[in-house]
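Residue numbers (full-length UniProt numbering): 1 to 186. Cβ atoms here follow ideal geometry from the backbone N, Cα and C, with glycine treated the same way. Below is one structure, written out as structure tokens; comments come after it.
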């Protein structure tokens with residue numbers, strides 16, 4: 001499949017995910033036990049329907065405020081990163097990312113992809129606030145996001161950051177008290 005690039009540098013490239021990539025994106029979370037176990041206690045916590053039923057504008061090779069992208073390193077798809085525009089009181093982009101293998105951790109791929117995406121979204125959409133809400137037990141991700149400039153906040157008020165998605169995502173992906181609310185302000 002020929003892919004359309006969104007952004008790239010000398011280390012990685014971010015390609016638009018297509019409709020046909022939904023299964024790939026979901027499957028990457030489960031290729032290794034260590035990957036899904038860093039994101040949830042139980043495989044059933046992340047259901048296929050979350051990707052299958054995602055709004056169509058998240059996929060396709062046209063620019064947009066909410067997209068799934070594929071992370072390519074050394075000509076291999078090594079993970080996914082997504083951004084979702086939130087129209088809360090504080091306009092922001094919520095980011096999410098996972099790599100498909102422990103083999104790809106420790107090389108700076110995740111932090112490089114995150115920085116590249118943030119720089120591109122700032123340039124293209126004048127976004128100044130980014131949020132990411134990893135699982136409390138995912139220490140590796142928290143540390144990587146801190147390297148990108150995200151700061152943990154204990155005063156996160158979902159209604160400040162979510163508009164139309166408040167009901168769906170305001171509580172985060174994890175049970176109460178297990179989301180680490182991280183903010184980056186440019």
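Distance check between residue 115 and each of 139, 147, 136 and 86 places 147 closest, using alpha-carbon atoms only. C-alpha of residue 165 to C-alpha of residue 82: approximately 15 Å in a straight line. For residue 98, there is no enclosing alpha helix (DSSP H); the residue is found in the beta strand (DSSP E) stretching over 92-99. Counting other Cβ atoms within 10 Å of its Cβ, residue 135 reaches 16 or more and is therefore classed as buried. Comparing alpha carbon positions, the residue from 169, 162 and 129 closest to residue 150 is 129.
For residue 7, the enclosing beta strand (DSSP E) has its first and last residue at 5-8. Using a Cβ-Cβ distance cut-off of 8 Å, the region 100-108 and the region 39-49 are not in contact, since fewer than three pairs of beta carbons, one from each stretch, lie closer than that value. In the three-state reduction of the DSSP assignment, residue 114 falls in the helix class, which pools H, G and I. For residue 67, the three-state secondary structure derived from DSSP is strand.
No Cβ-Cβ contact shorter than 8 Å links residue 93 with residue 80. With fewer than 16 other Cβ atoms from the protein chains shown falling within 10 Å of its own Cβ, residue 42 counts as exposed. Comparing alpha-carbon positions, the option among 152, 162, 163 and 168 lying closest to residue 182 turns out to be 152. For residue 26, no beta strand (DSSP E) encloses it; the enclosing alpha helix (DSSP H) starts and ends at 22-28. Between the region 48-64 and the region 16-27, the count of Cβ pairs shorter than 8 Å is three or higher; the stretches touch.
Closest in C-alpha terms to residue 31, from the list 157, 77 and 90, comes 77. Rounded to whole angstroms, the Cβ separation of residue 117 and residue 14 is 6 Å, and the two are in contact under 8 Å. Of all alpha-carbon atoms in 142, 180, 178 and 74, the one lying nearest the alpha-carbon of residue 11 is that of 74.
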